[in-house]
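Worksheet: one structure, shown below.
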Amino acid sequence: LLLIALLGIIAAIVFPAYRDYTLRAKAAQVIGSTWTLQARIADFARQQGRCPVNGDPGFGAAEHYADTLVARIRIGRFDNGRCGLEATLHAPGNDKLDGKALWLDYDAQSAAWNCSSELDDRYLPARCRGG
2 LLLIALLGII AAIVFPAYRD YTLRAKAAQV IGSTWTLQAR IADFARQQGR CPVNGDPGFG
62 AAEHYADTLV ARIRIGRFDN GRCGLEATLH APGNDKLDGK ALWLDYDAQS AAWNCSSELD
122 DRYLPARCRG G
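Each number in this note's numbering comes from the position in the sequence shown (counting from 1) with 1 added on.
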């Protein structure tokens, strides 16, 4: 009986931690899949002196970027005034991810990318938390 109770306690700790880990891995995978797009956005902004948008040369429609984890990626200037991208996650049946936005914006002055999201912080890689 004690062994069953101990296994129950361990399962109550391990399963939620594993679920959070897998959701965080999916969010990190989405960010990783945009690295080349991030470089193209930064290059375009430097060369053209403006932020690219979907449909500009070298940039497809938002749905063009869809894959197993991404429904679409919108490219443009956002409310904070920076260029960047907004990836809408695609995870049918998983309300913690599906349809949620993940933003990567480019700070031209520091040549750095900043990450934020409407996902719960525990499902985000450390560099995106609190944004």
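Backbone N, C-alpha and C define an ideal beta-carbon position, used for all residues, glycine too.
Using a threshold of 7 Å, state whether the C-beta atoms of residue i and residue j are closer than that.
i, j, result
"P126", "A29", "yes"
"Y107", "R83", "yes"
"I74", "A63", "yes"
If we count the other Cβ atoms within 10 Å of its Cβ and call it buried at 16 or more, is residue i buried or exposed?
i, result
"S111", "exposed"
"L90", "buried"
"Y66", "buried"
"W36", "exposed"
Looking only at its own chain, which residues have a Cβ that is under 7 Å from the Cβ of residue i, when we skip the five neighbours before and after it?
i, result
"I1", "Limits of the chain in this structure are 2 at one end and 132 at the other, which puts residue 1 out of reach."
"A109", "A46"
From which residue to which residue does the beta strand (DSSP E) around residue i run?
i, result
"D108", "A102 to D108"
"L70", "No beta strand (DSSP E) holds L70; DSSP gives it neither H nor E."
"A88", "C84 to L90"
"A63", "Counting along the chain, A63 falls outside any beta strand (DSSP E), and DSSP gives it neither H nor E."
Sorted by chain position, which residues of the same chain lie with C-beta nearer than 8 Å to residue i's C-beta, five sequence neighbours on each side aside?
i, result
"R128", "C116"
"V31", "L70, V71, A88, L90 and L103"
"D99", "L90, H91, A92 and P93"
Spatial neighbours of residue i within its chain, please: C-beta separation below 6 Å, excluding the five flanking residues on both sides.
i, result
"R25", "Y124"
"E119", "K101 and A102"
(request) Pick out the complete alpha helix (DSSP H) segments inside the stretch 20 to 56, 4 residues or longer, and give them in chain order. (result) For the stretch 20 to 56, whole alpha helix (DSSP H) runs of length 4 or above, ordered along the chain, are 36 to 49.
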